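Participant: Sequential numbering from 4 applies to the sequence shown in our numbering. Dumping the structure here so I can ask a few things about it.
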Amino acid sequence: MDFEKIELLYLTIPIALLWFFIHNRSGNIEDLFAPDVLEKISFNKHKISIKTRLRFLLLAIVLILIALSRPTLEAGEVKIKKYSSDLIVAIDMSKSMLANDVYPNRFELAKNKLSTSLDKISEKRIAILGFANRAFLVSPLTDDFSSLKFLIKNLRLDAINLKGTNVLNLLQSADDLLGEASNKQLLLLTDGGDKSDFSKEISYANAHNLTIFVFDIATRSGSTIKDKKGILKDEGGNIVIVKSNPNIKKLATQTQGRYLKYSLNNNDLTDFINSFKSYASSKDIKVIQKQHLFYYPLAFALFLLFFAFFSLPKKTIKFILLLLASINAKAGLLDFSNIKQANQAYINGNYQVAAEKFGKIDNDAARLNQANSLYKQGLYEQALEKYTSIKQKNLDFERLYNSGNAYAKLKKTDKAIEHYQQALKIKQDKDALFNLNLLKKKKAKRKKNQKGKDKKSKNQKKDTAKNKQQQGGKKKKDKKQGKNKQQQQQRKKLDKLKQQRWEKSLNKQLRTLLIPLNNKQENNENDNKKNLW
Numbered sequence: 004m005d006f007e008k009i010e011l012l013y014l015t016i017p018i019a020l021l022w023f024f025i026h027n028r029s030g031n032i033e034d035l036f037a038p039d040v041l042e043k044i045s046f047n048k049h050k051i052s053i054k055t056r057l058r059f060l061l062l063a064i065v066l067i068l069i070a071l072s073r074p075t076l077e078a079g080e081v082k083i084k085k086y087s088s089d090l091i092v093a094i095d096m097s098k099s100m101l102a103n104d105v106y107p108n109r110f111e112l113a114k115n116k117l118s119t120s121l122d123k124i125s126e127k128r129i130a131i132l133g134f135a136n137r138a139f140l141v142s143p144l145t146d147d148f149s150s151l152k153f154l155i156k157n158l159r160l161d162a163i164n165l166k167g168t169n170v171l172n173l174l175q176s177a178d179d180l181l182g183e184a185s186n187k188q189l190l191l192l193t194d195g196g197d198k199s200d201f202s203k204e205i206s207y208a209n210a211h212n213l214t215i216f217v218f219d220i221a222t223r224s225g226s227t228i229k230d231k232k233g234i235l236k237d238e239g240g241n242i243v244i245v246k247s248n249p250n251i252k253k254l255a256t257q258t259q260g261r262y263l264k265y266s267l268n269n270n271d272l273t274d275f276i277n278s279f280k281s282y283a284s285s286k287d288i289k290v291i292q293k294q295h296l297f298y299y300p301l302a303f304a305l306f307l308l309f310f311a312f313f314s315l316p317k318k319t320i321k322f323i324l325l326l327l328a329s330i331n332a333k334a335g336l337l338d339f340s341n342i343k344q345a346n347q348a349y350i351n352g353n354y355q356v357a358a359e360k361f362g363k364i365d366n367d368a369a370r371l372n373q374a375n376s377l378y379k380q381g382l383y384e385q386a387l388e389k390y391t392s393i394k395q396k397n398l399d400f401e402r403l404y405n406s407g408n409a410y411a412k413l414k415k416t417d418k419a420i421e422h423y424q425q426a427l428k429i430k431q432d433k434d435a436l437f438n439l440n441l442l443k444k445k446k447a448k449r450k451k452n453q454k455g456k457d458k459k460s461k462n463q464k465k466d467t468a469k470n471k472q473q474q475g476g477k478k479k480k481d482k483k484q485g486k487n488k489q490q491q492q493q494r495k496k497l498d499k500l501k502q503q504r505w506e507k508s509l510n511k512q513l514r515t516l517l518i519p520l521n522n523k524q525e526n527n528e529n530d531n532k533k534n535l536w
């Protein structure tokens, strides 16, 4: 067993001395504590003795210190890909980002683009800065993208009052954050401000080894700025029009970075991701997975504190102990480890382990993910059994959509169509609609082919009867049968090719909810429709 913060265990030494002192002291125990502390742990003779309470209290403190020292056990080695560079993303929060030349405005579009792009760069560490006339930290470097998405979603321009765009101050903040890293990368989501000369910024970036990527989130025609007071005007009473600043392109091209113009699809994000990967190198390293055990001493400490601070008769204590012994806790502190391990196994593609770990958690979100893990292994029948067991109403769409995928894989077209139709009654979804139309076309084509086969079969029977009546019928019959056999083989090959093409066309993305560690479910409609895989 290892401790991540072993220095905290040294604090148990004075507690041990105090325990010894209390145990061996003869006289009034009241001399040891202040009156307000003594009042909280006061008792009467029919309940727990004061010495016992103090022992409970000291033991609870020791257990809390052990929990804070983060005890861990080794859980084996895993191979991971380590990248040599981290990324800082800076979002322009100046007033010009309220311009609505893009929908709904520049700032909201930047947030949505960034949130979507996080799904495609999940192997990196990312920090987020906000900037206008000065920069401020939104999130330090992290690979916890769920937290990043939450922070991005809750960024608001009305919470700050910053005018202007100071890119130099931003570069200094980014450089401080990245420290001595050899490959420093910064992505700007900005309209470029109104500055014409970026020579100082370019010089600073090159001197400090900063590679800058600029994502231009404005149009050349520009737009007005509308705030709570109405349309923004200058001191002369003229309406202010803010446009994209083409000069900021030099900041990217002259620092070995890239300049990217926004678009209405995800090609711009893909372009950025590819450019980022070309600048970053990676290598496979082995790391030791650790299982955290802090929740065990923490739970026991809370249990002891309850008895240390509350005056309970001994009969009540015995009843509570018996009650606790008989309770089968469903989702509490002990689920923490299973949730974390299950989520990680699913992300890493270890679906067998993920299915096992999700199976130990008793809630519908876990059952959905267990079913998805079984689906990923090709165990479609077992996955359908788990999908059927989900009762939670807000998971109905995910359950029906994923069940439709499973039935499609089992070639049960009618069942798949039925489930896609039920899913679309809950909400309109382009993937479900695409799959539904694809299966309907396949079904109609299959019926048409079946009619053709039946007609052809009748004709073949007639031809066979005629061949029997003709002279030399045997030779002609053999020749005809050989030809038919060849045609059947060609037809089988064609059908197999069509089936392969159809399976490639089918959108088999699963709807997945990774369970947060607080055991609550996220239901973020903007999270790429939960298409994590």
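Think of the CB as a built atom: it goes at the ideal place given N, C-alpha and C, for glycine as much as any other residue. Because the structure is a prediction, the values reported are computed rather than measured.
Roughly how many angstroms lie between the CA atoms of Gln431 and Gln188, to the nearest whole one?
Facilitator: Taking the straight line from one Cα to the other gives about 39 Å.
Participant: How many Å lie between Ile9 and Arg128 at the Cα?
Facilitator: If I take the Cα positions, the gap works out to 27 Å.
Participant: Between Val245 and Asp194, how many whole angstroms is the CB-CB distance? I'm expecting something under 8 Å.
Facilitator: That pair is a contact at about 7 Å.
Participant: With C-beta atoms as the reference, is Asp89 less than 8 Å away from Leu181?
Facilitator: Cβ atoms of Asp89 and Leu181: closer than 8 Å.
Participant: Would you please state the rounded distance, in angstroms, between the beta carbons of Ala2 and Leu308? I believe it to be under 8 Å.
Facilitator: Only positions 4 to 536 of the chain appear in this structure, which leaves residue 2 out of reach.
Participant: Is it true that the region 366-373 meets the region 384-394, where meeting means three or more beta-carbon pairs spaced less than 8 Å apart?
Facilitator: Contact between the region 366-373 and the region 384-394 is present, because at least three Cβ pairs lie under 8 Å.
Participant: Mind checking which residues open and close the alpha helix (DSSP H) that includes Leu66?
Facilitator: Element bounds for Leu66: 53-71.
Participant: Below 8 Å, can you find three or more Cβ-Cβ pairs linking the region 94-109 to the region 215-233?
Facilitator: At 8 Å Cβ cutoff, the stretches touch.
Participant: Is the region 370-385 touching the region 349-360 in the sense that three or more CB pairs, one from each, lie closer than 8 Å?
Facilitator: As far as the Cβ criterion goes, the region 349-360 touches the region 370-385, which means the pair count is three or higher.
Participant: Would you list the one or two residues that DSSP bridges to Ile242?
Facilitator: DSSP output for Ile242 lists Lys236 as bridge partner(s).
Participant: Bridge partners of Asp230, per DSSP?
Facilitator: Asp230 is bridged to Gly233.
Participant: Can you look up Lys2 in the DSSP assignment and give me helix, strand or coil?
Facilitator: Lying before the first or after the last residue shown, residue 2 is absent from the chain, which here runs from 4 to 536.
Participant: Let's test the definition: count the other Cβ atoms within 10 Å of the Cβ of Gln493 and tell me whether it reaches 16, buried, or not, exposed.
Facilitator: Answer is exposed; the Cβ neighbour count stays below 16.
Participant: Do you know whose CA, among Ser406, Asn452, Ser99, lies nearest Gln385's CA?
Facilitator: Here the closest residue by C-alpha is Ser406.
Participant: How big is the Cα-Cα spacing for Gln355 and Asn341?
Facilitator: For Gln355 and Asn341, the distance between alpha carbons rounds to 14 Å.
Participant: Cutting at 8 Å between CB atoms, please list the residues of its own chain near Ile205, excluding the five before and the five after it.
Facilitator: Result list for Ile205: Lys253, Leu254, Gln257, Thr258, in chain order.
Participant: Considering only C-alpha positions, which residue in the set Gly362, Gly233, Ala113 is nearest to Leu192?
Facilitator: It is Ala113.
Participant: Check whether the Cβ atoms of Gly196 and Asn157 lie closer than 8 Å to each other.
Facilitator: No; because the gap between Cβ atoms is not below 8 Å, this pair is not in contact.
Participant: Under 8 Å, do Tyr207 and Leu171 count as touching if we go by C-beta distance?
Facilitator: In contact: Tyr207 and Leu171 (Cβ atoms closer than 8 Å).
Participant: Rounding to the nearest angstrom, what Cα-Cα distance links Asp5 and Ala435 in this structure?
Facilitator: Taking the straight line from one Cα to the other gives about 49 Å.
Participant: In terms of DSSP beta bridges, what is Pro74 paired with?
Facilitator: Phe6.
Participant: Can you give the Cα-Cα distance for Ser224 and Gln424, rounded to whole angstroms?
Facilitator: Rounded to the nearest angstrom, the two C-alpha atoms are 44 Å apart.
Participant: Leaving out five residues on either side along the sequence, give the residues of the same chain with a beta carbon under 8 Å from the beta carbon of Ala177.
Facilitator: Cβ within range, chain order: Ile91, Ala93, Leu132, Ala138, Lys187, Leu189, Leu213.
Participant: Return the first residue and the last residue of the alpha helix (DSSP H) that Val356 is part of.
Facilitator: Looking at the DSSP string, the run of the alpha helix (DSSP H) that includes Val356 is 354-361.
Participant: Going by C-alpha to C-alpha distance, which of Leu101, His422, Ile69, Pro17 sits closest to Gly233?
Facilitator: Ranking the options by Cα distance to Gly233, first place goes to Leu101.
Participant: Quick one, which of Lys450, Leu61, Arg109, Ser99 has its alpha-carbon nearest Leu267's?
Facilitator: Looking at the Cα atoms, Arg109 is the closest of the given residues.
Participant: How would you label Lys451, buried or exposed, when you count the other beta carbons within 10 angstroms and need 16 or more for buried?
Facilitator: The residue in question, Lys451, is exposed, as its Cβ has fewer than 16 Cβ neighbours within 10 Å.
Participant: Note the first and the last residue of the continuous alpha helix (DSSP H) segment covering Val170.
Facilitator: Its alpha helix (DSSP H) spans residues 170-181.
Participant: So, Ile67 versus Leu301, is the Cβ gap smaller than 8 Å?
Facilitator: It is a contact, given that the beta carbons lie within the stated cut-off.
Participant: Could you tell me the alpha carbon to alpha carbon distance between Asn440 and Ser120, rounded to whole angstroms?
Facilitator: Their Cα atoms are separated by approximately 29 Å.
Participant: Which residue marks the beginning of the beta strand (DSSP E) containing Thr193, and which one marks its end?
Facilitator: From DSSP, the beta strand (DSSP E) with Thr193 extends over 187-193.
Participant: Taking only the alpha-carbon atoms, compute the straight-line gap between Gly381 and Pro74 and give it to the nearest angstrom.
Facilitator: So the alpha carbons of these two residues sit roughly 38 Å apart.
Participant: Go through its chain and collect everything with a Cβ distance to Lys264's Cβ below 6 Å, but skip five positions before and after it.
Facilitator: Within the same chain, Lys264 has close Cβ partners Asp219.
Participant: Which residues bound the alpha helix (DSSP H) around Leu403?
Facilitator: Where Leu403 is concerned, the enclosing alpha helix (DSSP H) stretches over 399-412.
Participant: Helix or strand or just coil, what does DSSP make of Asp271?
Facilitator: Note: Asp271 maps to helix in three-state DSSP.
Participant: How long is the line joining the alpha carbons of Thr168 and Lys123, rounded to whole angstroms?
Facilitator: Cα to Cα, the separation comes out at about 29 Å.
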